[in-house]
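Enquirer:
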Amino acid sequence: MPAISSSAPGKVILCGEHAVVYGIPAIALPVFKVSTTAKVFAHPLFEPGNVHINAPAIALDDSLTSLEQGHPLKIAIDLVMRELGVDHIPSCEIRISTTLPVSAGLGSSASVTVALVRAVSTYLGHPLADEIVNQIAYEIEKLHHGSPSGIDNTVITYGTPVFFELGKTIEYLKIASPFTLIIADTGIKSSTGAAVAGMRERWNADPTLYNTIFNEIGSLTLKIRKYLEEGSIEDMGKTMTENHKLLQRIGVSNDELDILVKSALASGAWGAKLSGGGLGGNMIALVHPEISLEVSQALLRAGAKNTITTVIPSSSGVRL
Ligand code: PMV
Numbered sequence: 023m024p025a026i027s028s029s030a031p032g033k034v035i036l037c038g039e040h041a042v043v044y045g046i047p048a049i050a051l052p053v054f055k056v057s058t059t060a061k062v063f064a065h066p067l068f069e070p071g072n073v074h075i076n077a078p079a080i081a082l083d084d085s086l087t088s089l090e091q092g093h094p095l096k097i098a099i100d101l102v103m104r105e106l107g108v109d110h111i112p113s114c115e116i117r118i119s120t121t122l123p124v125s126a127g128l129g130s131s132a133s134v135t136v137a138l139v140r141a142v143s144t145y146l147g148h149p150l151a152d153e154i155v156n157q158i159a160y161e162i163e164k165l166h167h168g169s170p171s172g173i174d175n176t177v178i179t180y181g182t183p184v185f186f187e188l189g190k191t192i193e194y195l196k197i198a199s200p201f202t203l204i205i206a207d208t209g210i211k212s213s214t215g216a217a218v219a220g221m222r223e224r225w226n227a228d229p230t231l232y233n234t235i236f237n238e239i240g241s242l243t244l245k246i247r248k249y250l251e252e253g254s255i256e257d258m259g260k261t262m263t264e265n266h267k268l269l270q271r272i273g274v275s276n277d278e279l280d281i282l283v284k285s286a287l288a289s290g291a292w293g294a295k296l297s298g299g300g301l302g303g304n305m306i307a308l309v310h311p312e313i314s315l316e317v318s319q320a321l322l323r324a325g326a327k328n329t330i331t332t333v334i335p336s337s338s339g340v341r342l
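Residue numbers (the numbering used here): 23 to 342.
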């Protein structure tokens with residue numbers, strides 16, 4: 023039976039995670055090498071209204087009606103139905119598969135929501151516009167992470183490098199020359215919600231200190247934007263490493279991430295930092311493409327459970 027299929031990428035944050043929650047700009051890039059696909063198979067022979075969801079990555083294989091009320095996938099589907107003004111979905115099976123590691127700073131929750139919302143709205147005959155997909159994905163991010171900035175759902179919905187600042191219009195970034203990133207997984211699952219909540223506690227205890235550091239991070243984001251626009255890739259690497267040092271100071275790195283950052287730099291990377299919520303999950307290293315294999319092997323020797331090498335293409339700053 024033909025299926026409706028939609029995909030969404032993963033993402034990395036090049037600069038500004040955590041600070042972005044406090045109104046500081048950040049830069050995020052979609053990563054298409056990892057992705058989520060949601061497929062909807064119509065099942066006219068199922069009982070009317072029977073919607074079955076199969077999502078092995080989150081150990082889910084059940085009917086929509088048996089999910090608890092607050093389940094993020096159920097709420098995402100409810101929001102699509104409300105948006106389209108429909109009160110039931112014709113019988114179907116929804117299969118969600120993802121190559122993104124879960125709770126690892128690569129945006130798996132937003133990627134799943136965006137793919138699902140697109141597939142279900144298309145199945146219902148009205149593919150939703152990106153702006154609405156993004157709004158729904160943001161609502162679901164709140165369920166997952168408490169008080170997210172909205173950067174993950176934005177970069178994943180639009181699939182374009184973004185310069186993101188809370189409450190401001192999204193800016194698509196110009197990237198003058200392609201560059202190579204190695205994404206290395208510590209293998210430690212880390213909840214973004216917990217990392218953001220811990221950060222909030224520290225900020226509450228000393229807002230002056232943390233605001234000062236966040237402002238320094240904001241200056242690095244602006245520098246990186248300029249380097250991206252000029253194609254000054256090596257300079258960008260140094261600035262990423264400076265960002266990592268500030269992320270250490272705000273308490274969101276850990277030994278495993280620090281070891282991977284050190285190892286990437288020791289094996290010749292231009293720069294390296296944790297990416298995402300931290301306290302586990304992934305780090306990114308910016309490398310000359312010729313040494314990507316070497317750096318990747320060094321990262322694996324230093325304890326990375328997996329590495330992904332990806333080329334971020336140049337982009338015009340205008341969404342195609
Ligand atoms: O969801 P993650 O782990 O990729 O991190 C998101 C980035 C944070 O700045 C830590 C949180 C946010 O909502 O912006």
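Ideal Cβ placement from N, Cα and C applies to all residues, glycine included.
These numbers were taken from a predicted model, which means no experiment stands behind them.
Which first and last residues belong to the alpha helix (DSSP H) in which V177 is found?
Expert: The residue given as residue 177 occupies position 155 in the sequence shown. Taken as a continuous stretch (DSSP letters only), the alpha helix (DSSP H) holding V177 covers 173-180.
Enquirer: Taking the C-alpha atoms as reference points, what is the distance between E187 and F68?
Expert: Numbered from its first residue, the sequence shown carries residue 187 at position 165. Numbered from its first residue, the sequence shown carries residue 68 at position 46. Roughly 46 Å between the two C-alpha positions.
Enquirer: Kindly indicate the opening and closing residues of the alpha helix (DSSP H) around V142.
Expert: Locating residue 142 in the sequence shown gives position 120, where the first residue counts as 1. Per DSSP, V142 belongs to the alpha helix (DSSP H) from 130-145.
Enquirer: Could you say which of E238, T261, D207 lies nearest to R323 if we only look at CA atoms?
Expert: Working through the sequence shown from its first residue, we reach residue 323 at position 301. Comparing Cα positions, the closest option is D207.
Enquirer: Give the range of the alpha helix (DSSP H) segment to which V102 is assigned.
Expert: Numbered from its first residue, the sequence shown carries residue 102 at position 80. Here the alpha helix (DSSP H) through V102 covers 94-106.
Enquirer: So G240 is in the alpha helix (DSSP H); what residue range does that whole segment cover?
Expert: Translated into the one-based positions of the sequence shown, residue 240 becomes position 218. G240 -> alpha helix (DSSP H) spans 229-252.
Enquirer: Report yes if the CB atom of D152 is closer than 8 Å to the CB atom of E163, and no otherwise.
Expert: Locating residue 152 in the sequence shown gives position 130, where the first residue counts as 1. Locating residue 163 in the sequence shown gives position 141, where the first residue counts as 1. Result no, Cβ atoms of D152 and E163 do not sit closer than 8 Å.
Enquirer: Return yes when at least one heavy atom of ligand 1 lies under 7 Å from the C-beta of G147, else no.
Expert: The residue you call residue 147 lines up with position 125 of the sequence shown. Not so, every heavy atom of ligand 1 lies at least 7 Å from the Cβ.
Enquirer: If you compare alpha carbons, which of L308, D109, I192 is closest to T332?
Expert: Within the sequence shown, numbered from 1, the residue matching residue 332 stands at position 310. Of the listed residues, the one whose Cα sits closest to T332 is L308.
Enquirer: Would you check if the segment 262-282 and the segment 210-227 touch, i.e. whether three or more CB-CB distances between them fall below 8 Å?
Expert: Yes, since at least three Cβ pairs between the segment 210-227 and the segment 262-282 fall closer than 8 Å, the two stretches touch.
Enquirer: Taking the alpha carbon of P66 as the point to measure from, which residue in C114, T191, S28 has its own alpha carbon closest?
Expert: Within the sequence shown, the letter at position 44 stands for residue 66. For P66, the nearest C-alpha among the options comes from C114.
Enquirer: Keeping to the same chain, check which residues put their C-beta closer than 7 Å to that of L101; ignore five residues upstream and five downstream.
Expert: Residue 101 sits at position 79 when you count from the first residue of the sequence shown. Result list for L101: I158, E161, in chain order.
Enquirer: Would I204 and G38 qualify as a contact pair, given that the criterion is a beta-carbon distance under 8 Å?
Expert: As a working mapping, residue 204 is identified with position 182 in the sequence shown. As a working mapping, residue 38 is identified with position 16 in the sequence shown. In this structure, G38 does not lie closer than 8 Å to I204 by Cβ.
Enquirer: Under 8 Å by Cβ, that's how I've got E182 and P52 pegged, so tell me the actual separation to the nearest angstrom.
Expert: In the sequence shown, counting from the first residue as 1, residue 182 sits at position 160. In the sequence shown, counting from the first residue as 1, residue 52 sits at position 30. According to the sequence shown, residue 182 is Thr rather than Glu. Contact flag correct, Cβ pair sits at about 7 Å.
Enquirer: Could you give the first and the last residue of the continuous alpha helix (DSSP H) run that contains G259?
Expert: Taking the sequence shown and counting its residues from 1, one reaches residue 259 at position 237. 255-271 is the extent of the alpha helix (DSSP H) around G259.
Enquirer: Would you say L89 and L138 are within 8 Å of each other, going by their C-beta atoms?
Expert: Sequence index remark: in the sequence shown, residue 89 carries index 67 (1-based). Sequence index remark: in the sequence shown, residue 138 carries index 116 (1-based). No.
Enquirer: Within this structure, are the beta carbons of N304 and G127 separated by less than 8 Å?
Expert: Sequence index remark: in the sequence shown, residue 304 carries index 282 (1-based). Sequence index remark: in the sequence shown, residue 127 carries index 105 (1-based). Yes, they are a contact pair.
Enquirer: Between L150 and E193, is the Cβ-Cβ spacing less than 8 Å?
Expert: Within the sequence shown, residue 150 is the residue found at index 128, counting from 1. Within the sequence shown, residue 193 is the residue found at index 171, counting from 1. Not in contact: L150 and E193 (Cβ atoms no closer than 8 Å).
Enquirer: Identify whether E193 lies in helix, strand or coil by the three-state DSSP scheme.
Expert: On the sequence shown, residue 193 is found 171 positions in, with the first residue counted as 1. Three-state DSSP puts E193 in a strand.
Enquirer: Would the segment 75-94 and the segment 33-47 be scored as touching if the rule is three or more Cβ pairs under 8 Å?
Expert: Touching, no, given that fewer than three Cβ pairs across the two stretches are closer than 8 Å.
Enquirer: Please determine whether the Cβ atom of A291 lies at a distance below 7 Å from any heavy atom of ligand 1.
Expert: Indexing the sequence shown from 1 puts residue 291 at position 269. Not under cutoff, so the answer is no.
Enquirer: Hey, is E238 close to ligand 1, as in C-beta under 7 Å from one of its heavy atoms?
Expert: For this step, residue 238 is matched to residue 216 along the sequence shown. Incorrect: E238 has no Cβ contact closer than 7 Å to ligand 1.
Enquirer: Is S171 a contact residue of ligand 1, with contact defined as CB to any heavy atom under 7 Å?
Expert: Looking up residue 171 in the sequence shown gives position 149. Yes, the beta carbon of S171 sits closer than 7 Å to at least one heavy atom of ligand 1.
Enquirer: Which residue or residues does DSSP assign as beta-bridge partners of K211?
Expert: The residue you call residue 211 lines up with position 189 of the sequence shown. DSSP lists no partner for K211.
Enquirer: Rounded to the nearest angstrom, how far is the Cβ of T58 from that of I118, given a contact under 8 Å?
Expert: The residue labelled residue 58 in the question sits at position 36 within the sequence shown. The residue labelled residue 118 in the question sits at position 96 within the sequence shown. The Cβ separation is near 7 Å, so the contact holds.
Enquirer: Using DSSP with H/G/I as helix, E/B as strand and the rest coil, what is V317?
Expert: Position 295 of the sequence shown, counted from the first residue, corresponds to residue 317. V317 falls in the helix class under three-state DSSP.
Enquirer: In the structure shown, what three-state DSSP assignment does A198 receive?
Expert: Position 176 of the sequence shown holds residue 198. Of the three classes helix, strand and coil, the one that applies to A198 here is coil, per DSSP.
Enquirer: For the putative contact between S285 and P200, defined by C-beta atoms under 8 Å, what is the C-beta separation to the nearest angstrom?
Expert: Working through the sequence shown from its first residue, we reach residue 285 at position 263. Working through the sequence shown from its first residue, we reach residue 200 at position 178. Between P200 and S285 the Cβ distance is about 24 Å, and since that is not below 8 Å, they are no contact.
Enquirer: Quick one: residues in its chain with C-beta nearer than 6 Å to the C-beta of I111, no 5 flanking neighbours on either side, listed in chain order?
Expert: In the sequence shown, residue 111 corresponds to position 89, counting from 1. Taken in chain order, the residues that qualify are V73.
Enquirer: Measure the alpha-carbon distance for A132 versus I178 and round it to whole angstroms.
Expert: Within the sequence shown, the letter at position 110 stands for residue 132. Within the sequence shown, the letter at position 156 stands for residue 178. Roughly 7 Å separates the two Cα atoms.
Enquirer: Does DSSP put L301 in a helix, in a strand, or in coil?
Expert: Taking the first residue of the sequence shown as position 1, residue 301 is located at position 279. Coil, per DSSP.
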